[in-house]
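Everything on this sheet refers to the single structure shown next.
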Amino acid sequence: DIREACRAVVEFSKMTDKAGNRIVKGAELLDKKSLSSVNDQTGEGLTAILTEAKGNSPEELAEHIAAITKLLEKYDLAVPANFTDKEEEYSKYWAIRSGIFPSVGGTRPLGTSCLIEDVAFHIEDLPDAVADLQDLMEKHGYHDACIYGHSLEGNFHFIINQAFDTEKEIQRYENLMNDVIALVVDKYDGSLKAEHGTGRNMAPFVEYEWGEEAFEVMKSVKKLFDPKNLMNPGVIFNEDSKCHLKNLKSLPVIELKNGKTGHKADKCIECGFCEINCLSSGFTLSARQRIVSQREITRLRKSGEDPKRLAELEKEYIYQGEQTCAVDGLCATSCPMGIDTGYLTHDIREAKTPKGSFAYKIGDFSANHFAGIKSGLRPLLGVANGAHSILGTKAMTAIGKGLHKVGMPLWTASLPKSFKLNASKIANYSSERKVVYFPSCINQTMGVSKNAPEKTPLVNKMVSLLNKADYEIVFPRNMDKMCCGTIWESKGMYDIADRKTAELEDALWEASEYGKYPVLCDQSPCTKRMKEKIKRMKIYEPAEFIYDFLRDKLIFEKTDKPVALHITCSMTKMGLANKIIELAKLCSTDVLVPAEVGCCGFAGDRGFTYPEVNAYALRKLRPQIESKNIKVGYSNSRTCEIGLETNSGIPYMSIVYLVDEVTRSI
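Using our numbering, the letters of the sequence shown correspond one by one to residues 1 to 666.
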């Protein structure tokens with residue numbers, strides 16, 4: 001139990017080497033709630049201690065571990081002590097520890113706030129003090145409270161889930177805090193703050209802990225540096241003994257205009273872990289700020305207290321929150337709860353386009369006449385490309401910017417030529433090896449850009465590479481009518497998206513002879529949706545298929561030319577980033593994966609309508625490209641490649657082109 005775990009920590013603190021240095025360098029305590037937040041099958045009442053030992057040599061480290069293990073023999077361990085020196089293993093343990101706060105917060109009841117405090121006790125008092133703290137949580141009904149922290153320093157955090165929607169709940173919280181103060185200050189002579197700042201929650205108790213004389217000295221120091229009390233007023237020094245019970249922030253369950261609730265975003269505790277992977281963070285709103293904004297909009301709608309502010313928030317959110325969200329989902333990769341704010345944006349778009357609306361009818365019409373829509377797009381691309389050839393890049397860019405100002409999609413010099421697939425002309429190779437190849441609708445419509453070093457359209461190049469590896473191509477029927485549904489999903493038209501996916505699945509099922517042959521799609525975002533929605537067949541994206549099936553069927557002759565490689569957000573979310581990197585390294589001796597370049601921000605069609613998002617996301621790309629004098633880049637999404645080319649100054653093409661360039665048949 002937690003008392004026994006703390007007794008072990010007390011003994012750890014006394015273990016020293018010959019020089020008098022502590023053998024145990026770190027001991028992180030995780031109570032039962034901490035463990036259950038990362039593993040639902042943890043035994044009842046267990047406490048874990050994540051222990052770190054170091055040594056000046058492997059032999060000394062082994063001695064230290066042996067001493068720690070020997071000491072633990074007297075304790076009744078539920079799991080035997082196990083040490084590792086493998087970074088891939090211990091880094092996972094530390095990742096669990098660092099993610100405790102958001103993970104615990106993510107399991108809270110919806111509508112409650114996740115509060116964290118840190119206190120410290122003298123090391124010899126740990127067993128009784130921490131057990132008493134745990135008892136306090138039970139006494140006040142905080143049965144899901146969590147205690148964890150740097151136990152070797154007597155430094156503990158406790159997390160509680162608190163509602164502030166009734167006076168009864170606020171009173172319960174006040175009673176708990178009063179008892180915590182008495183326990184820490186009076187009974188154990190501990191510290192109300194262990195390592196973090198005082199904060200408004202502890203401000204009323206600073207004088208009680210330190211005494212009037214010390215309190216006045218601290219106030220006078222504050223006044224010397226901040227005579228006008230501009231910095232954090234009322235956060236450390238506050239005359240109001242109830243300030244921690246006022247101006248309380250609620251976390252309401254998000255409800256959209258159409259009444260839809262049940263969003264995974266409700267689990268967000270606003271920790272901000274997502275922001276490192278949010279491409280719009282610092283430009284408009286981050287993923288966290290989108291959730292916070294929707295909570296406030298929901299609160300104002302329900303309370304009716306400030307209609308003017310509500311109207312302002314709703315108006316500003318359209319651009320700041322919805323239109324500039326790339327819905328790439330990378331925010332979920334660093335969120336301990338796996339919250340993908342893109343799904344919230346999809347739901348907001350769904351609320352804006354209900355069935356029967358004009359926008360929905362357009363979406364439905366385009367789905368039912370998809371082949372015709374694509375046929376109409378090709379002449380437009382042809383006209384744009386022809387005008388580009390006649391007028392030149394400078395004039396076309398000026399015209400494109402002018403038209404964009406009046407609401408037209410932005411033309412750039414990276415816009416591809418038109419392309420129409422003629423399957424019967426290119427699918428004429430026979431082999432025992434077969435693969436079903438579904439060219440994405442974008443690659444059935446768009447060819448290469450004007451500046452591309454290779455003039456062969458991707459579909460033809462893919463077929464050529466597959467034939468080189470002795471694969472026969474099977475195209476599904478009615479390809480020109482087919483789509484994975486991503487277009488409609490991104491607009492919040494879920495039922496149309498699922499209908500298109502179902503149509504595609506039936507065609508692929510038939511073409512694959514009911515799952516006999518693998519299925520290949522040449523666009524990574526499309527492949528991601530297909531993998532998520534179609535489970536009857538094994539579906540691959542280009543780099544994955546080449547890496548898994550073609551490596552041993554082709555001879556690779558590396559080029560020395562430096563190349564840039566862009567990892568699409570869909571590749572990252574599918575867990576395939578390493579495969580495309582390894583594939584590129586099979587092709588070139590000099591591969592650059594630009595630092596701090598995540599999602600490109602093109603987001604399907606957003607790069608045409610909101611190119612500023614694309615430019616912001618790729619603001620750190622061009623300097624890295626130019627510093628290495630790279631002339632061509634590779635990826636595996638045609639729309640992403642348009643934005644990459646626009647913002648890097650070099651052509652970007654599918655990784656398929658690079659593989660085809662450096663390989664020959666066995």
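Beta carbons are placed, not taken as given, at the ideal position from N, Cα and C, and that holds for glycine.
- Reducing DSSP to helix, strand and coil, say where Ile667 ends up. Outside the displayed span of the chain (1 to 666) sits residue 667, for which this structure offers no information.
- Between the C-alpha atoms of Gln41 and Ser34, what's the straight-line distance to the nearest angstrom? Model confidence at Gln41 stands at a pLDDT of 48, short of 50, so the residue's coordinates are unreliable and nothing is read from them.
- Where Val563 and Ser588 are concerned, what is the direct C-alpha to C-alpha distance, given to the nearest angstrom? In this structure, the CA atom of Val563 is about 7 Å from the CA atom of Ser588.
- Message: Would Arg200 and Ala367 be called neighbours here (beta carbons separated by less than 8 Å)?
- Response: No, the pair does not count as a contact, with Cβ atoms beyond the cut-off.
- Query: Thinking just about the alpha-carbon of each residue, which of Thr501, Ala469, Asp470, Asp495 is nearest to the one in Cys441?
  - Reply: Comparing C-alpha distances from Cys441 to each of Thr501, Ala469, Asp470, Asp495 shows the shortest one belongs to Thr501.
- Query: Is it a yes or a no for the segment 247-258 touching the segment 571-588, going by three-plus beta-carbon pairs under 8 Å?
  - Reply: In short, these stretches do not touch, since the Cβ pair count stays below three.
- Message: So for Asn578, helix, strand or coil by DSSP?
- Response: It is helical.
- Message: Once DSSP output is grouped into helix, strand and coil, what is the label at Thr345?
- Response: Helix, per DSSP.
- Message: According to DSSP, Lys401 sits in a beta bridge with which residue or residues?
- Response: Answer is none; Lys401 lacks a bridge partner.
- Cβ contact check for the segment 518-536 and the segment 475-488: 3 or more pairs under 8 Å: Yes, the segment 518-536 touches the segment 475-488.
- Pick out whichever of Phe475, Thr393, Asp480, Tyr471 has its Cα sitting closest to the Cα of Asn451. Closest option to Asn451, judged by alpha-carbon separation, among Phe475, Thr393, Asp480, Tyr471: Thr393.
- Backbone secondary structure at Ile96 - three-state DSSP: The answer is helix: DSSP assigns Ile96 an H, G or I state.
- Nearest to Phe156 by CA position, among Asp118, Glu124, Lys264, Gly190, is which residue? Nearest C-alpha to Phe156: Asp118.
- Message: Buried or exposed for Arg84, going by 16 or more other Cβ atoms inside 10 Å?
- Response: In the sequence on display, residue 84 carries Thr and not Arg. Classified as exposed, Thr84 has fewer than 16 neighbouring CB atoms from the shown chains inside 10 Å of its CB.
- Query: Using 8 Å as the Cβ pair cut-off and three pairs as the minimum, do the segment 410-423 and the segment 375-382 touch?
  - Reply: Yes, they touch.
- Message: Need the endpoints of the beta strand (DSSP E) that Tyr437 sits in, please.
- Response: Boundaries of the beta strand (DSSP E) harbouring Tyr437: 434-438, taken from the DSSP string.
- Query: Where does Asn161 fall in DSSP's three states?
  - Reply: Here Asn161 sits in strand by DSSP.
- Query: Going by DSSP, which residues form a beta bridge with Thr663?
  - Reply: The partner list for Thr663 (beta bridge, DSSP) reads Phe556.
- Message: What does the alpha-carbon distance come out to for the pair Glu541 and Met177?
- Response: Near 55 Å, if we compare the C-alpha coordinates of Met177 and Glu541.
- Are there 16 or more other CB atoms within 10 angstroms of the CB of Asn161, so buried, or fewer, so exposed? Burial check for Asn161: the Cβ neighbour count within 10 Å reaches 16 or more, so the residue is buried.
- Task: Could you check the C-alpha separation between Glu239 and His143 for me, to the nearest Å?
- Result: Approximately 32 Å, taken between the alpha carbons.
- Where does Gly363 land, buried or exposed, given buried means 16+ other C-beta within 10 angstroms? Flag for Gly363 reads buried.
- Please find out if some non-hydrogen atom of the ligand ADP comes closer than 7 Å to the beta-carbon of Leu300. This structure lacks the ligand ADP; in fact it carries no ligand of any kind.
- Three-state class that DSSP yields for Lys561 in the structure shown: Lys561 falls in the coil class under three-state DSSP.
- Any chance the segment 607-620 sits against the segment 577-593, with 3 or more Cβ pairs inside 8 Å? Output reads no: the segment 577-593 does not touch the segment 607-620.
- Select from Ile159, Lys579, Gly111 the residue whose C-alpha is nearest the C-alpha of Lys264. Proximity to Lys264 across Ile159, Lys579, Gly111 peaks at Gly111, based on C-alpha coordinates.
- Task: Could you pull the start and end residues of the alpha helix (DSSP H) that Leu133 belongs to?
- Result: Per DSSP, the continuous alpha helix (DSSP H) segment holding Leu133 begins and ends at 126-139.
- Message: Contact defined as beta carbons within less than 8 Å: I believe Met337 pairs with Pro102. What is the distance between those atoms, to the nearest angstrom?
- Response: Distance from Met337 to Pro102 at the Cβ level is roughly 7 Å; contact confirmed, criterion being Cβ atoms closer than 8 Å.
- Task: Starting from Thr445, follow the alpha helix (DSSP H) in both directions and report where the run begins and ends.
- Result: Secondary structure note for Thr445: its alpha helix (DSSP H) is the uninterrupted segment 441-445.
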